[in-house]
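Undergrad: A single structure is presented below for examination.
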Amino acid sequence: MKNYLYKDTFAVIGKVGEGSANHPQEWVVPLWNEANGNFNEIADIILKDEAGNPAGVWGAMNDVNERNKRWDEKGKYLAGCEVDINILPPSGWTKWIIPAQTYLVVECTSDTYVKVFETIESNPKIKIISTVHERYPEPGNPNKLEVYFPVADGHLFCQSCYMPMVKPEDFGTEKDGNSSLDYCCHCYED
239 MKNYLYKDTF AVIGKVGEGS ANHPQEWVVP LWNEANGNFN EIADIILKDE
289 AGNPAGVWGA MNDVNERNKR WDEKGKYLAG CEVDINILPP SGWTKWIIPA
339 QTYLVVECTS DTYVKVFETI ESNPKIKIIS TVHERYPEPG NPNKLEVYFP
389 VADGHLFCQS CYMPMVKPED FGTEKDGNSS LDYCCHCYED
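The structure is reproduced here in structure tokens:
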């Protein structure tokens, strides 16, 4: 299922590495191992949900100059957790600020990740404007993830009534149940 979602500027603290987009298993997995192995160092500063679990576990991506720009061959990856934007990272940790954007959010598994990524990137109707991020909605379960494809800086507005569309339920729906990028739920449904 694909949904559009606006997410305000947020911060992630984690372990950062640089490598090839074509061989992420060689350098991304060790980052997660390092972040998970030292989680106790950031456990007190991460944002938590009502149950006390990490509210946002992210695999954030940037270009090699640490800008939120698209990268294809080589880039940086930050394995970490969402924190308050004003928190300073402990020694040995890196903090990135991710700008406010509207995302196309697609759920997948580790087995379907590549196919989902290729399908979205090859769709001429979807314009990805900067680096893609991964969110793990079930901390400790690396096989279930959401891929955040940025499609607009800031809010999207309905092309009919100009309502800001910020939550998945604000977006209109296509006949197949997927969200409409152009129209709100009041102007466009099924």
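To convert, count from 1 in the sequence shown and add 238; that's our numbering.
Every residue gets a Cβ at the ideal spot worked out from N, C-alpha and C, and that includes glycine.
What does the alpha-carbon distance come out to for the pair PHE355 and ASN324?
TA: Here the question's residue 355 lines up with position 117 in the sequence shown. Here the question's residue 324 lines up with position 86 in the sequence shown. Looking at the two C-alpha atoms, the distance is approximately 32 Å.
Undergrad: Does the beta-carbon of LEU326 have 16 or more other beta-carbons within 10 angstroms, so that it is buried, or is it exposed?
TA: The sequence position of residue 326 within the sequence shown is 88, counting from 1. Classification for LEU326: exposed.
Undergrad: Evaluate contact between the segment 258-272 and the segment 386-402, counting only Cβ atoms and requiring at least three cross-stretch pairs below 8 Å.
TA: Between the segment 258-272 and the segment 386-402 there are fewer than three C-beta pairs closer than 8 Å, too few to call the two in contact.
Undergrad: Is the beta carbon of ALA249 closer than 8 Å to that of VAL321?
TA: One-based indexing of the sequence shown puts residue 321 at position 83. One-based indexing of the sequence shown puts residue 249 at position 11. In contact: VAL321 and ALA249 (Cβ atoms closer than 8 Å).
Undergrad: Using C-beta distances below 6 Å, list every residue in its chain close to TRP270, excluding the 5 sequence neighbours before and after it, in chain order.
TA: Counted from its first residue, the sequence shown places residue 270 at position 32. Correct list, in chain order: ALA317.
Undergrad: Hey, how far is the Cα of THR350 from the Cα of THR357?
TA: Position 112 of the sequence shown, counting from 1, holds the residue named residue 350. Position 119 of the sequence shown, counting from 1, holds the residue named residue 357. Roughly 11 Å between the two C-alpha positions.
Undergrad: HIS261: buried (16+ other C-beta within 10 angstroms of its C-beta) or exposed?
TA: Within the sequence shown, the letter at position 23 stands for residue 261. By the neighbour-count rule (16 or more Cβ atoms within 10 Å), HIS261 is not buried but exposed.
Undergrad: Looking only at DSSP bridge pairs, what is ALA289 linked to?
TA: Translated into positions along the sequence shown, residue 289 becomes position 51. In the DSSP output, where bridge partners are listed per residue, ALA289 has none listed.
Undergrad: LEU243 and VAL343 look like a contact to me (Cβ under 8 Å); what is the Cβ gap, rounded to whole Å?
TA: The residue labelled residue 243 in the question sits at position 5 within the sequence shown. The residue labelled residue 343 in the question sits at position 105 within the sequence shown. The pair is a contact, with the Cβ atoms about 5 Å apart (cut-off 8 Å).
Undergrad: Using 8 Å as the threshold, is the C-beta distance between GLY297 and GLN339 below it?
TA: Taking the first residue of the sequence shown as position 1, residue 297 is located at position 59. Taking the first residue of the sequence shown as position 1, residue 339 is located at position 101. No, the Cβ-Cβ distance between GLY297 and GLN339 is not below 8 Å.
Undergrad: Could you tell me whether the Cβ atoms of CYS423 and CYS399 are closer together than 8 Å?
TA: Here the question's residue 423 lines up with position 185 in the sequence shown. Here the question's residue 399 lines up with position 161 in the sequence shown. Not a contact, by the Cβ cut-off of 8 Å.
Undergrad: Please name the residue, chosen from PRO380, HIS371 and VAL370, that lies closest to SER348 on a Cα-to-Cα basis.
TA: Locating residue 348 in the sequence shown gives position 110, counting from the first residue. Comparing Cα positions, the closest option is PRO380.
Undergrad: What are the uninterrupted segments assigned as beta strand (DSSP E) that are 3 or more residues long and contained completely in the segment 239-286, given in chain order?
TA: 240-245 and 248-258
Undergrad: Secondary structure at VAL385, three-state DSSP: helix, strand or coil?
TA: Here the question's residue 385 lines up with position 147 in the sequence shown. If DSSP states are grouped into helix, strand and coil, VAL385 belongs with the strands.
Undergrad: Would you decide whether LYS240 is buried or exposed? Buried here means 16 or more other CB atoms lie within 10 Å of its CB.
TA: As a first step, residue 240 is located in the sequence shown; it is residue number 2 there, counting from the start. Buried is the call here.
Undergrad: Using beta-carbon positions only, say whether CYS319 and PRO292 come within less than 8 Å of one another.
TA: Position 81 of the sequence shown, counted from the first residue, corresponds to residue 319. Position 54 of the sequence shown, counted from the first residue, corresponds to residue 292. Cβ distance < 8 Å, so CYS319 and PRO292 count as in contact.
Undergrad: What residue does the alpha helix (DSSP H) around VAL354 start on, and which one ends it?
TA: Locating residue 354 in the sequence shown gives position 116, counting from the first residue. Element bounds for VAL354: 351-359.
Undergrad: Would ASN300 pass as a contact of LYS314 if the rule is Cβ separation under 8 Å?
TA: Here residue 300 is taken as the residue at index 62 of the sequence shown, counted from 1. Here residue 314 is taken as the residue at index 76 of the sequence shown, counted from 1. A contact, by the Cβ cut-off of 8 Å.
Undergrad: For THR411 and LYS382, what's the separation of their Cα atoms in angstroms?
TA: Your numbering for residue 411 matches position 173 in the sequence shown. Your numbering for residue 382 matches position 144 in the sequence shown. Each residue's alpha carbon lies about 24 Å from the other.
Undergrad: Nearest-angstrom Cα distance between SER417 and VAL404?
TA: Numbered from its first residue, the sequence shown carries residue 417 at position 179. Numbered from its first residue, the sequence shown carries residue 404 at position 166. Roughly 12 Å separates the two Cα atoms.
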